[in-house]
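For reference, the structure is listed below as structure tokens.
Residue numbers (the numbering used here): 2 to 268.
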């Protein structure tokens with residue numbers, strides 16, 4: 002029976018990986034000697050370093066990348082280095098069973114550490130990952146809450162926060178050039194929340210993002226005109242859907258979530 006170290010790696014906060022690894026360590030408690038968390042890993046050199054470290058320490062890398070480029074790099078380099086990896090969209094329990102050779106010491110669903118409430122939370126977080134940033138629109142009717150809005154209106158962090166409170170949340174980015182998914186018009190309007198932001202504040206956020214990505218001068222993503230166009234088109238969609246609209250300017254994630262939940266409970 003092998004003893005392993007688990008590395009939880011993401012280019013965003015690691016909440017999703019943390020929850021899944023907690024589930025795994027509770028049922029493979031004899032094989033997992035340490036868990037290390039590495040959030041905000043956003044370059045290939047850092048991925049290479051962590052893979053080398055994982056290889057030295059008989060490690061499993063549990064990862065989730067918003068960046069397709071970083072996800073592909075993780076997958077190709079781990080194969081070259083012979084390091085087992087697990088995308089949080091996969092089956093963690095089978096991966097742990099395979100590389101440790103240990104059978105689970107208790108039934109996951111009956112574990113005191115992982116009661117029905119906790120299992121529901123894991124299910125909600127996996128749902129949020131699957132339906133993050135419009136990656137999937139089939140099955141939207143399974144969502145408790147659907148967030149829609151233009152880029153940089155905090156859809157993903159709000160989704161994860163609500164998922165930690167056991168709500169299944171999908172979020173969909175809005176762009177003038179892309180038709181919204183037709184499934185949106187088949188969802189009860191009380192489930193849908195449109196997010197808006199003060200245009201000047203949004204310009205500032207996007208401009209900072211452009212500078213961080215080294216794209217200065219090559220994109221109109223952060224221009225006032227572009228921001229206004231996107232916000233106007235988004236408002237037109239909100240009106241068609243008759244959904245609740247929330248101005249997220251200067252609001253904390255917890256405050257926005259509280260507004261959404263208050264609306265859900267009231268209805």
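A virtual CB, placed ideally from N, CA and C, is assigned to each residue, including glycine.
Owing to the predicted nature of the structure, the values given are computational and were not obtained by experimental measurement.
#### Entry: Cβ-Cβ separation, residue 149 to residue 173 (assumed contact under 8 Å), whole Å
Confirmed, Cβ separation roughly 5 Å.
### Message
Between residue 63 and chain B, is the shortest Cβ-Cβ distance under 8 Å, so that the two count as touching?
### Response
Here chain B cannot be found, since the structure has a single protein chain.
### Task
Quick one: measure Cβ to Cβ for residue 54 and residue 12, integer angstroms, because I've assumed they're closer than 8 Å.
Contact between residue 54 and residue 12 is absent: CB atoms are separated by about 18 Å, not below the 8 Å threshold.
### Query
How would you write the range of the beta strand (DSSP E) that residue 34 sits in, first residue to last?
Judged by DSSP secondary structure, residue 34 falls within the beta strand (DSSP E) whose first and last residues are 33–39.
#### Entry: C-beta atoms of residue 247 and residue 260 nearer than 8 Å
Between residue 247 and residue 260, the CB-CB gap stays under 8 Å.
### Query
Is it the case that the Cβ atoms of residue 9 and residue 63 are separated by a distance below 8 Å?
Yes, these two residues count as a Cβ contact at 8 Å.
### Query
Hey, is the segment 130–149 in contact with the segment 172–189, meaning 3+ C-beta pairs nearer than 8 Å?
A contact is defined here as three or more CB-CB pairs under 8 Å, and the segment 130–149 meets this definition with respect to the segment 172–189.
### Task
Between the Cα of residue 263 and those of 3, 194, 200 and 201, spot the shortest distance and give me the residue it belongs to.
Measuring from the Cα of residue 263, the nearest candidate turns out to be 194.
### Task
From the DSSP output, in three-state form, read off residue 153 for me.
Note: residue 153 maps to coil in three-state DSSP.
### Query
Which one of 178, 187, 227 and 76 has the shortest CA to CA distance from residue 143?
For the set 178, 187, 227 and 76, the Cα lying nearest the Cα of residue 143 is the one of 187.
### Query
Is residue 241 buried or exposed, if buried means 16 or more other CB atoms sit within 10 Å of its CB?
By the neighbour-count criterion, in which a residue is buried when 16 or more other Cβ atoms sit within 10 angstroms of its Cβ, residue 241 is exposed.
### Task
Have a look at 128, 65 and 230 and flag the residue whose alpha-carbon is nearest the alpha-carbon of residue 165.
Residue 128 is the option with its Cα nearest to residue 165.
### Task
Return the CA-CA distance between residue 257 and residue 159, expressed in angstroms with no decimal places.
Within the model, the alpha-carbon separation for residue 257 versus residue 159 is close to 8 Å.
### Query
From which residue to which residue does the beta strand (DSSP E) around residue 142 run?
Following the DSSP letters along the chain, one finds residue 142 in no beta strand (DSSP E), marked with neither H nor E.
### Message
Can you look up residue 60 in the DSSP assignment and give me helix, strand or coil?
### Response
Strand.
### Task
Locate the beta strand (DSSP E) running through residue 245, then write down its first and last residues.
245–248 is the span of the beta strand (DSSP E), which, as asked, contains residue 245.
### Task
Kindly indicate the opening and closing residues of the beta strand (DSSP E) around residue 276.
Outside the modelled stretch of the chain, which goes from 2 to 268, sits residue 276, for which no answer is possible.
#### Entry: Boundaries (first-last residue) of the beta strand (DSSP E) holding residue 240
Where residue 240 is concerned, there is no enclosing beta strand (DSSP E), although the alpha helix (DSSP H) it sits in stretches over 225–242.
### Query
Roughly how many angstroms lie between the CA atoms of residue 268 and residue 243, to the nearest whole one?
Cα to Cα, residue 268 sits roughly 15 Å from residue 243.
#### Entry: Cβ neighbours of residue 86 in the same chain (closer than 8 Å, five flanking residues each side left out)
Within the same chain, Cβ atoms closer than 8 Å to the Cβ of residue 86 are found at 61, 62, 63, 64, 75, 76 and 79, the five residues on either side in sequence being excluded.
### Task
Identify every residue that forms a DSSP beta bridge with residue 195.
As a beta-bridge residue in DSSP terms, residue 195 pairs with 149 and 246.
### Task
In angstroms with no decimal places, state the Cα-to-Cα distance between residue 39 and residue 201.
Distance between the alpha carbons of residue 39 and residue 201 is about 33 Å.
### Message
residue 196 and residue 245 - do their beta-carbons sit closer together than 8 Å?
### Response
Residue 245 is not a Cβ neighbour of residue 196, given a cutoff of 8 Å.
#### Entry: Cβ distance (whole Å) where residue 3 is taken to contact residue 59 below 8 Å
Between the beta-carbon of residue 3 and that of residue 59 there is about 6 Å, and that keeps the pair under the 8 Å contact cut.
### Short Cβ contact (8 Å threshold) for residue 157 with residue 199
Using a Cβ distance threshold of 8 Å, residue 157 and residue 199 do not count as a contacting pair.
### Query
Given a threshold of 16 other Cβ atoms within 10 Å of its Cβ, counted over all protein chains shown, does residue 255 qualify as buried or as exposed?
By the neighbour-count rule (16 or more Cβ atoms within 10 Å), residue 255 is not buried but exposed.
### Query
By a C-beta neighbour count over all protein chains shown, 10 Å radius and 16 as the cutoff for buried, is residue 179 buried or exposed?
Looking at its Cβ environment, which holds fewer than 16 other Cβ atoms inside 10 Å, residue 179 is exposed.
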